[in-house]
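Residue numbers (this note's numbering): 294 to 422. Where is the CB? At the ideal position from N, CA and C, for every residue including glycine. For reference, the structure discussed in these notes is given below.
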Amino acid sequence: MRGNRVIVRRLAVVAACLVSLAGACLLAWWQWNRYESASGSWQNLGYVLQWPLFGLFPAFMVWRIRRLRAREGQERAGAGSAAAVEPPRRVPVPRRPEPAGPPQEPDDELAAYNKYLAELSAKEPHDRP
Numbered sequence: 294m295r296g297n298r299v300i301v302r303r304l305a306v307v308a309a310c311l312v313s314l315a316g317a318c319l320l321a322w323w324q325w326n327r328y329e330s331a332s333g334s335w336q337n338l339g340y341v342l343q344w345p346l347f348g349l350f351p352a353f354m355v356w357r358i359r360r361l362r363a364r365e366g367q368e369r370a371g372a373g374s375a376a377a378v379e380p381p382r383r384v385p386v387p388r389r390p391e392p393a394g395p396p397q398e399p400d401d402e403l404a405a406y407n408k409y410l411a412e413l414s415a416k417e418p419h420d421r422p
């Protein structure tokens with residue numbers, strides 16, 4: 294049953310890629326006709342070159358995803374055999390520098406702001422869910 298699903302899904306992906314390419318080629322042909330008309334411009338010619346690329350993009354994504362999955366499978370297979378031979382390396386984590394301590398001079402504006410926030414918090418009801 295699973296094999297049928299995979300085949301149907303692959304055929305659907307291929308069909309979507311072909312429909313995308315066919316639609317993009319039709320749009321490129323339309324832009325070519327616009328370019329050749331009296332009101333055509335260089336922009337239409339640019340679209341003639343752009344539309345086939347848009348049509349090929351889904352096929353490129355399918356190829357790219359398959360390639361990444363194959364590489365991931367190879368890494369998993371390689372990691373499984375390499376794990377038995379070599380233990381994983383521990384990477385040292387850089388430590389953050391310790392703060393120098395409290396500032397030398399107290400900040401009056403910060404103290405006033407914190408006091409204001411405390412007053413607002415005291416006024417606000419705390420029965421939230």
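- Please list, in chain order, all residues of the same chain as Cys310 whose beta carbon is under 8 Å from its beta carbon, the five residues on each side excluded. By 1-based counting over the sequence shown, the position of residue 310 is 17. Answer for Cys310: Pro351, Ala352, Val355, listed in chain order.
- Applying the criterion that 16 or more other CB atoms from any shown protein chain within 10 Å of the CB defines a buried residue, is Gly348 buried or exposed? Looking up residue 348 in the sequence shown gives position 55. That one is buried.
- To the nearest angstrom, how far is it from the Cα of Leu320 to the Cα of Ile358? Within the sequence shown, the letter at position 27 stands for residue 320. Within the sequence shown, the letter at position 65 stands for residue 358. So the two alpha carbons sit approximately 27 Å from each other.
- Glu402, DSSP secondary structure in three states: On the sequence shown, residue 402 is found 109 positions in, with the first residue counted as 1. Residue state, collapsed to three classes: helix.
- Among Arg382, Leu314, Ala308, Leu342, which has the Cα closest to the Cα of Gln324? Working through the sequence shown from its first residue, we reach residue 324 at position 31. Nearest C-alpha to Gln324: Leu342.
- Message: Can you tell me whether Leu349 sits near the ligand ZN, meaning its C-beta is under 7 Å from at least one heavy atom of the ligand?
- Response: This structure lacks the ligand ZN; in fact it carries no ligand of any kind.
- Query: How would you label Ala317, buried or exposed, when you count the other beta carbons within 10 angstroms and need 16 or more for buried?
  - Reply: Counted from its first residue, the sequence shown places residue 317 at position 24. Under this definition Ala317 is a buried residue.
- Taking the alpha helix (DSSP H) that Ser313 falls in, what are its first and last residues? By one-based count along the sequence shown, residue 313 stands at place 20. Per DSSP, Ser313 belongs to the alpha helix (DSSP H) from 295-329.
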